[in-house]
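Numbering (the numbering used here), first residue to last: 85 to 216. Report on one structure; see the data block that follows.
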Ligand code: MN
């Protein structure tokens, strides 16, 4: 079964690009435009993987990960930070907070799906490949 992936991103350009790439690859997508909505959708829909911006209004990506960790009913899934925070130390900070991966913006469309799929169990990968 193909994974359902939650995208939490306040920037519409980044959000639409990530959504387009994942949908084109065959994934089911949920979208949130800020961290608060993202946290609620994660808890309600239990996606298989979460892609999360760090700098967002209402709740940051760090707030989202803390909010999930506090919930006893939350079953951990891969959490991928996709962020413009790409200075020295930012990756380590994201990983220390509990993210499984840190991908810097701008994302590389030709590598993005493979980067995400490396965090999905094989049974949840869509296996569709696009040519660019
Ligand atoms: Mn942002």
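Here a beta-carbon is modelled for each residue, glycine too, at the ideal position from N, C-alpha and C. Computed from a predicted model, the values in this text were never measured in an experiment.
Asked, Found
"Inter-residue spacing [alpha-carbon to alpha-carbon] between residue 125 and residue 111", "17 angstroms"
"Residues whose Cβ lies closer than 6 angstroms to any heavy atom of ligand 1, in chain order", "94, 95, 137, 139, 140"
"Strand pairing of residue 166, partner residues [DSSP]", "187"
"Check whether residue 187 and residue 164 have beta carbons under 9 angstroms apart", "yes"
"Cβ separation of residue 178 and residue 127, assumed to be a contact under 8 angstroms, to the nearest whole Å", "Contact doesn't hold; Cβ gap of about 21 angstroms is too wide."
"Residue from 147, 174, 108, 208 with nearest C-alpha to residue 121", "147"
"Residue 138, enclosing alpha helix (DSSP H) - first and last residue", "Premise fails: residue 138 is in no alpha helix (DSSP H) and is neither H nor E."
"Length of the line joining the Cα atoms of residue 151 and residue 129", "15 angstroms"
"Of the listed residues 161, 153, 157, 119, nearest to residue 141 (C-alpha basis)", "119"
"Alpha carbon of residue 203 to alpha carbon of residue 155, nearest angstrom", "22 angstroms"
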